[in-house]
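Per this note's numbering: the sequence shown = residues 15 to 94.
From the three backbone atoms N, C-alpha and C, an ideal C-beta is built for every residue, glycine too.
The model shown is predicted, which means the values in this text are computed figures rather than measured ones.
Notes for the one structure printed next.
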Amino acid sequence: MSSLHDSVVDVIATRFGLDRADITAEATFDDLGLDSLSQIELVTALRKRLGADIDDEEMAELSAVGEVVAALESKGLKAA
């Protein structure tokens with residue numbers, strides 16, 4: 015896994031109190047128990063921690079952790 019993936023996993027685990035082992039690239043937000051409000055909170059946390067240039071509308075189109083990482087990588091973001 016990429017260091018960006020590890021950083022995203024860390025943000026999710028810290029923000030939502032989840033076990034890092036459960037946060038795989040294939041894990042969907044539903045799998046993790048994250049609803050649409052949680053996704054908005056995740057956007058805010060990713061902006062603060064990683065300087066991520068992702069908005070709520072973009073996040074709404076993503077459904078899995080790996081998709082979030084891919085979206086951030088496509089914007090040239092590197093791990094913090």
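About 5 Å separates the beta carbon of residue 93 from that of residue 18, a gap short enough to meet the 8 Å contact definition. Between residue 46 and residue 37, the beta carbon gap of about 7 Å places them in contact (Cβ cut-off 8 Å). Just so you know, the alpha carbons of residue 59 and residue 35 end up roughly 20 Å apart. Going by beta carbons, residue 70 and residue 57 fall inside the 8 Å limit.
In summary, residue 66 is buried, with 16 or more beta-carbon neighbours lying within 10 Å of its beta-carbon over all protein chains present.
Assignment of residue 78 by DSSP, reduced to helix, strand and coil, places it in the strand class.
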